[in-house]
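A quick write-up on the structure given underneath.
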Amino acid sequence: MTEVAEAVARLVAMEHGTRPLRIHIDPSRDGSEVVSAVADRVHVDFFRRIGPDSLPTAGSSL
Numbered sequence: 007m008t009e010v011a012e013a014v015a016r017l018v019a020m021e022h023g024t025r026p027l028r029i030h031i032d033p034s035r036d037g038s039e040v041v042s043a044v045a046d047r048v049h050v051d052f053f054r055r056i057g058p059d060s061l062p063t064a065g066s067s068l
């Protein structure tokens with residue numbers, strides 16, 4: 007639980023517009039962060055192929 011609390015505190019301390027859309031907390035250190043990063047890249051590539059020129063970023067409004 008400490009890792010989650012620390013991650014929340016880091017996010018809250020970040021300036022508006024600089025916060026990531028998602029963070030990953032992997033207390034078991036089983037490599038799931040790497041898998042999530044690959045999945046994120048695949049999603050971005052997919053959305054670029056289907057048409058949208060830009061994807062939402064941490065600082066964008068939907």
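Using this note's numbering, the first residue of the sequence shown is number 7, and each one after it goes up by one. Glycine included, every Cβ here is placed at the ideal spot set by N, Cα and C. Computed from a predicted model, the values in this text were never measured in an experiment.
Item: Residue 30 vs residue 39 beta-carbon contact at 7 Å; Value: yes
Item: Span of the alpha helix (DSSP H), counted from its first residue to its last, around residue 27; Value: Segment: none, residue 27 is in no alpha helix (DSSP H) and carries neither H nor E.
Item: Simplified DSSP assignment, three categories, for residue 9; Value: helix
Item: Contact check, residue 33 vs residue 9, beta carbons under 7 Å; Value: yes
Item: Extent of the continuous alpha helix (DSSP H) run through residue 51; Value: 38–56
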